[in-house]
Structures are given as C-alpha cells and as structure tokens.
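**Student:** Below are the structure tokens for one structure; questions will follow.
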Amino acid sequence: MGTPAGDGAMNDVVRGTRAWLAVGLLAVGVSASLLALTFLLAPGRWLQLGALAVVALAAVLGGIRATTRAWWAPTLGGALLSTFALLVLYASPPGRLQVLPDRESVARLGDLIRAGLQAADTSRPPAEPTLPLELLVVGGALLVMLAADLIALGLGAPAWAGLAMLALWIPSIVIGRPGSTQGFVGAALAYLLLLAVSAAPATSSRRRRSPEEHRRRATAAATIAGGVIVVALVVGPLGTVLPGWSTVRLPQVGSSTGGSLQLADDLDMRQSLGTRSSEVVLSYRADPALAGPLRVFTLRDYDGETWSREQDDTDLPPVEAGTLLWPTRDLTPEPPGEGEPSTTRLDVRLEGLREDRLPVPVMPRTLFVDDRLTYDSRRDEVVRAGLTRSGMQYSMEVELLDLTDDTLRASGEDDPRDVAQYLDLPETSRVDDIERAAREVVDGESGRYDQALALQNYFRSTQNFTYTIDVDPARSDDAVWDFLGSRTGYCVQFATAMTIMARTLGIPARLAVGFLPGTPADSGEYVVTGRDSHAWPELYFPDAGWIRFEPTPRVQSGAPPAWADPFAGTGSTPFIEPEPTGAAGDLGPLPSAAPVPQATTAAPTDTTPGYLVPVGIATGVLLLGAAAYLLRRRLSVAEELRPEAAWAHLRKRLAASGIVWTDAHTTRQAAELVAAEIAARRGGPMDPAARRALVDLARAVEDHRYAAAPRVWSHADLEQRVADVLREVAAATPARSGRRG
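In the numbering used here, the protein residues as written are 14 to 754.
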C-alpha cells in the first residue's frame, strides 16, 4: 500500500491556511534579511528586485503546496521556475529578452556568476551593485527562500528555518559590518510568528496532542530558536578571530585579506581584475635613487590558462651577511655615466605583506637583516622560514646596473642546460598559431634582444592593445591566443603573452610577480600598497642573466626599464596615452590611477576579507547537515506513524464507498461503525478475518497514540489488514446507504 506523504504520515507538517501564512512569514523574514547587505552594497535596485523575487517565489511555493501533498514538489517546482527566471532576466542576449533559454544562456549565466563571485571577493564595501553582484543577491535570496520553505514546511521543522535566513547575515557578521536594525527586527519578528503559527494546534488535525506534548514541542522550538540566535550573535563574530580565518589567498595579482596581503602564485589568465587593496604593503627609503620594481617570486609553469608554482626540490643555502645575491654568471655592466650613482641603499619596513619571500629589486643586492634567510639562486628569491610580519625591517645595498642595448645585443646565444625548462609551452590547439604571430611581430629582427624589444613595443602600443581590468570570456583552449584576439587585458595578460611568445622564439622566459616602486610620500619614503601589485616577464640572456621587460602599457606600469626603452636618451617622445590623474613626476602614472570596477567610499585600509569560500562551505555544510538530520527525523517519524497513515488511508477509501465518521468518534467507535455498516450491507456479520483486520488497525492506532512502548508494525502487515477490510467492503451488498455519525 503506497501512502502519500500528507495522508497522515506527516501530519506534523503545516497545511492549509496556516501553510500560506507560514510561506508569507518566510518571505517577510528573507526579504527583511536582505537589509543585512545594505552596508556591503551601495544603494541600487538589487534590494527591490531581491524582495520582489522572494515574494513571487513564495506565491509559487504556496500555490504548489495547495495543489499537492508531496513535501518535495514545491521545492523542486520553485527551483526550476527560479532558474528559468534567472536565465531569462540575466542571461538573455544583449538588447533582447530570450524567453526560451538555450545552452548559450546557461553559459552566460555561468560567466555572470563567476564575475559576481570574483567581485564579491575583491570589492571593498560598499561595493557598486553591478549586474553580476545583483544576480548573486537575487539568486541568493531565492536560494535562501527555497531552503527556508523546505525546512519549515517540507521537512516540518520551522525552528530550523532560521539557519537558512542566517545565511544572508553571515557576510556582515564575518567582516564586522553593522547590521540593519530594521532588517533584524523584521526577520526576528517573522521568525517568531512562524514558530507561533507552526506550534498552534490545527482544528482539522486527526490527532489531538496532549498538553504535555505541546509543552515539549514548544520547549524544543524555543531551544532551537535560541541556538540560531546564539550562532548569529556570538559564534559568528568569534569565528572571525580564529587563527587563519583572514588569510585566504585570492586568485588575482594582489589580494588583500584584511591585514594579510599575499600575492597569488596561481595567476589565472581568464580572471578579471577586481579592486585591489589600498592597504600599505611596505614602505622604504631609497638613497640616492630608486631601484625599480620589487620582485617577490617568479613562476615557470603555465598550462595555457593558469600559472602554477613548481615544487622546491633542493635544500637552499643560508644567506650570509655581506653576500651579494645575484645568480648572473658573467655580467660586465657598463660603468655609470658621469654623476650617476653606481649603488643605492633601500631601507624597507614591511606592513601588511604576509609572504615567505622578501621583496627585492631585480638587480644585484646585498641584504642586511636580523633574520634567518635562505637564497634560491635558480629563481633569484630570498626565502624566509615563515611568513613575514608587520614591522619587520631590512636593508639592501643595490648595484644599479647600467645595462644598454649594446650590452644585451652582445650577449651570447648559448643557454645553460638548467634554463631549458623555461622554454616549455602549453599543450593547446593554438600554440602553433601563437608562434606564427610571434614571428610576424619580430619579422626582420634576428638577435634575442631585438626580438624581445619588438615584442615589448608591440604590446605597449596603444594602437594594438588596450589596458583594461575586464577579461573577455574564453573562446579557445588557449588564453594567450584569446588575449591576442581581444587585445584587452591587464598586466597578467600582457606579461604572460610576451613570456609565451618569447618561448616560441627560443628565448627562455619566466613570469615575475611583485610590486611597482610605489608612491612618494611627504616623509620622503615610498609607499607600496596592494594596488601596486604587478607582473612582468623576465627573459634570459646568457651573459647578463634574467632581464626584466615591460609589455604592460604605460597607463599602469610607467616607463619601461632604460635598457628596454627605445627612446631613452634620444630626446624623442613616443606617442602614448595621456597621463591619468594622479601621475607624479617622472615615475609615470601611479598604479592607483588604474581603472577600477567599483567606486569606494570606505577608509583606504578597510578591505573586505575573502569570506566567500570559507563562509559558503561552512554555511552549506551546516544547512546540508541540518537538512539530512531533519529528513532522517521525518522519515523516522513516518515509520512511527504508519498505523496512523494506514488508518487515514482506510478512512479515505471507506469514505469513497459511503462509510464515513467524524473526529468526534474514538477509534474503537469508528471501528464498530464500520463493522456495523458492512454487516448491514452484507446482510450478516463481517468475515472473521476482515473483522480481526479492522480491530487490529484500530488497536494499532490506539497503541501508537497512548501506549508508553507501542508495538512496531511493519508496512506489509498494515497493508495486508487494510486490504482485508477493503476487500470485505467491496464484497458487501451496496444496496443500503451508509450510516453517518
């Protein structure tokens, strides 16, 4: 015998008018919880759209629950309709509404979601509510509404629905932003009313609960509600101070994590550049001259889309005091010009940087530091045993290389064996096309230096490429090829493209990651922030070592190094884009003048932690665990209520045959009424087996309702007894009318 979920087996679930009221209260609670995001997103239509979407979904859920008793049907139907609505509203082609989504619509929606997650992880509050962020808010609100409805009405546990609504408050809790008082009051009031509605006895209930059971259920609901409030107000804030909470590495050039900035070593060519942190990474004094960018580490391995860091396979030697750190084998730089310094001293103080490598110039340097360090000569990296700390200081005596085009042209062509790995190319379908493109760019140039200069000038030309933080969607399996087609990107795209194109020409090349020189302050120091994070290519010259080039346009990187500047010392000025506001002196435009996707009004050092990954995982695990527990509890309740379900099913079938009774009858009275009606129809007593089956069902229900340790009936036994009674009814003479009590 199959018993529908609502035919008594799940009679604790809210039904009828109370179900509509409960769905409405859930919609009010979720809509009010959206106000928790007002301190994270700037004002916009996202709040109205989110609330409207929640109300519309509530109407759909209520309508489905009114037409079916399957507990899972409203959730499934609501999820399908929500997905369809998001595809139509957000994934239609530009300029028109596509009512029937296709595969391209799904792809566009996926792109928007990825862009929204990236923006949420990198933006500073209050962020500009762009379309991807709006999609995340509306879609998240719909998801929370679905989860709350499933828990409260589908699984019959309204008190646990507070966990779903809590998901909208977690971002503000995690980053310490003030919540909305109106939102909290509205959500809390709706939540308490939901508990009251669900706890109120239904007049149509087939089973009257005792006062003791009502007290027990009310106590349980209050306990769960109190637990949800404790999690929201106490556990959430405490979790933000746990070790490691704010040290999430974000996948971009420079990522701030609330006082712990790390440079990502898994740079992704497909990823747009979010708003970088204004947090101070380090500051330094340069006397008498600057030494160029400060490099933290280099990358060798590239798979066509993402850079990855190779594993250290050797023990590194310690850095000894007074040792010149420079892996070049045979460097003979030209003597400095008259009046030009040959060395400079840098006194560095670290602030927000948390790295296991020290930032150093891309020139020979001698370190003076009270710390235990090792030196990786293959990568030219200064390695620390642990992460750097705020306030750490060190000094460097830097040799200012006076490299010239003649010096680099005179470099040999025979590379040592250990740099051959820097010629590896990704296994993509477009690598041959990239090589052909590279050879077209360097057409007519034969030497390594002239080819490298041709590549750099090709990328820096504003007639060829445009600097932008937005990356177009993938069109092939090779991100460099896509960049050469779109001709738009930021430093990662420019540096990667030049690195790979140089490799196709037989020039060993690697990617360097670090910081531009920074901004001069009134104190005479240079200040480097997260917005100065940068990537550039380094090409190998046998007699000079790894040499920096600068393919990223001037708007972000400033002038190229003197040895790679075709206009240096000529008095000529190349045609470049106008300086943006914020440029200073001969340093070129400051990195902070680069375009950003969101306008910010918060304090410069107030940055959003990368909370999406840990919070999303924690919330998802919590909700899934709660759902699994509730589902298991519900199924176990269904197992205990099988006598009730069997009796309800029998009552429904008997009513179809004209045998009915009211809730005023006890179970025994109802059984006697059924037996008398069947006997009247048969013209004699019931069959003894059918009579025993009817009595067994009545006693099973009484036993379940009132016995301290009720007998457990199997599904097969109950099904057989119902079948015996119904068979007797079918065999009875239907000439007489049913008796009504």
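C-beta atoms are modelled at their ideal positions from N, C-alpha and C, and glycine is treated no differently.
Assign Leu-74 to one of three DSSP states: helix, strand, or coil.
**Tutor:** Here Leu-74 sits in helix by DSSP.
**Student:** Tell me the DSSP secondary structure of Ile-560 in three-state form.
**Tutor:** strand
**Student:** Report yes if the CB atom of Leu-337 is closer than 9 Å to the CB atom of Glu-412, and no otherwise.
**Tutor:** Yes, the pair counts as a contact, with Cβ atoms nearer than the cut-off.
**Student:** So for Ser-185, helix, strand or coil by DSSP?
**Tutor:** Ser-185 falls in the helix class under three-state DSSP.
**Student:** Let me check one thing: in DSSP terms, what residues is Met-409 bridge-paired to?
**Tutor:** Leu-359, Leu-380
**Student:** Among residues of its own chain, excluding the 5 on either side of Leu-163, which ones have a beta-carbon nearer than 6 Å to its beta-carbon?
**Tutor:** Thr-88
**Student:** Per DSSP, what kind of secondary structure is Ser-44 in: helix, strand or coil?
**Tutor:** Ser-44: helix per DSSP, three-state reduction.
**Student:** Output the boundary residues of the beta strand (DSSP E) element that contains Phe-554.
**Tutor:** 546–554
**Student:** Can you list, in chain order, the residues of its chain with a C-beta nearer than 7 Å to that of Gly-531? Leave out the 5 residues immediately preceding and following it.
**Tutor:** Tyr-539, Val-540, Val-541, Asp-545
**Student:** In this structure, how does DSSP classify Val-484 when only helix, strand and coil are distinguished?
**Tutor:** coil
**Student:** Taking the beta strand (DSSP E) that Tyr-539 belongs to, which residues open and close that run?
**Tutor:** 539–542
**Student:** Of the residues Glu-292, Asp-737, Gln-195, which one's Cα is nearest the Cα of Leu-659?
**Tutor:** For clarity, residue 659 is Ala in the given sequence; the question names Leu instead. Nearest option by C-alpha distance: Asp-737.
**Student:** Can you tell me whether Leu-144 is buried or exposed? The criterion is at least 16 other CB atoms within 10 Å of its CB, across all chains shown.
**Tutor:** With fewer than 16 other Cβ atoms within 10 Å, it is exposed.
**Student:** Would you report the Cα separation of Ile-513 and Ala-423, rounded to the nearest angstrom?
**Tutor:** 23 Å
**Student:** In angstroms, rounded to a whole number, what distance separates the CA positions of Gly-252 and Thr-481?
**Tutor:** Note that Gly-252 scores 46 on pLDDT, short of 50, meaning its location in the model is unreliable and no value can be drawn from it.
**Student:** Indicate, with yes or no, if the ligand SAH has a heavy atom lying under 8 Å from the CB of Arg-452.
**Tutor:** As for the ligand SAH, it is missing from this structure, which has no ligand bound.
**Student:** Three-state secondary structure (DSSP) at Gly-502?
**Tutor:** Gly-502 falls in the strand class under three-state DSSP.
**Student:** Please report how far the alpha carbon of Glu-333 lies from the alpha carbon of Asp-384, in whole angstroms.
**Tutor:** 10 Å
**Student:** State the start and end residues of the unbroken alpha helix (DSSP H) segment that holds Glu-147.
**Tutor:** 144–162
**Student:** Classify Gly-527 as helix, strand or coil using the three-state DSSP reduction.
**Tutor:** It is a strand residue.
**Student:** For His-678, count the other beta carbons within 10 Å of its own beta carbon; 16 or more makes it buried, fewer makes it exposed. Which is it?
**Tutor:** exposed
**Student:** Indicate the three-state DSSP secondary structure (helix, strand or coil) for Pro-171 in the structure shown.
**Tutor:** Residue state, collapsed to three classes: helix.
**Student:** Leaving aside the five residues before and after Ala-40 along the sequence, list all residues of the same chain whose C-beta is less than 6 Å from its C-beta, in chain order.
**Tutor:** Cβ neighbours of Ala-40 beyond the five flanking positions: Val-67, Val-68, Ala-71.
**Student:** Identify the continuous alpha helix (DSSP H) that holds Leu-100 and give its terminal residues.
**Tutor:** Annotation: the continuous alpha helix (DSSP H) that includes Leu-100 extends over 86–103.
**Student:** Sort out for me which residues DSSP pairs Asp-300 with in a bridge.
**Tutor:** Arg-358
**Student:** Are the CB atoms of Leu-122 and Leu-155 within a distance shorter than 9 Å?
**Tutor:** Using a Cβ distance threshold of 9 Å, Leu-155 and Leu-122 do not count as a contacting pair.
**Student:** Would you call Thr-441 buried or exposed, if buried means 16 or more other Cβ atoms sit within 10 Å of its Cβ?
**Tutor:** buried
**Student:** What would DSSP say about Phe-756, mapped onto helix, strand or coil?
**Tutor:** Residue numbering for the chain in the displayed model covers 14 to 754; residue 756 lies beyond these limits and cannot be assessed.
**Student:** From what residue to what residue does the beta strand (DSSP E) around Arg-82 run?
**Tutor:** Here Arg-82 belongs to no beta strand (DSSP E), and DSSP marks it neither H nor E.
**Student:** Would Arg-308 and Tyr-435 be called neighbours here (beta carbons separated by less than 9 Å)?
**Tutor:** Taking 9 Å as the Cβ cut-off, Arg-308 and Tyr-435 do not qualify as a contacting pair.
**Student:** Starting from the Cα of Ala-451, find the closest Cα among Leu-497, Asp-437, Arg-695, Leu-280 and give me that residue.
**Tutor:** The shortest C-alpha separation from Ala-451 is found at Leu-497.
**Student:** Quick check: the Cα distance between Phe-478 and Pro-439, rounded to an integer number of angstroms?
**Tutor:** 23 Å
**Student:** Would Glu-117 be called buried (16 or more neighbouring beta carbons within 10 Å of its own) or exposed?
**Tutor:** Label assigned to Glu-117: exposed.
**Student:** Pairing CB atoms from the region 457–476 with CB atoms from the region 400–416, are three or more of them under 8 Å?
**Tutor:** no
**Student:** Would you give the residue range spanned by the alpha helix (DSSP H) that Thr-680 belongs to?
**Tutor:** Looking at the DSSP string, the run of the alpha helix (DSSP H) that includes Thr-680 is 680–695.
**Student:** Let me know the secondary structure DSSP gives Glu-394 once reduced to three states.
**Tutor:** strand
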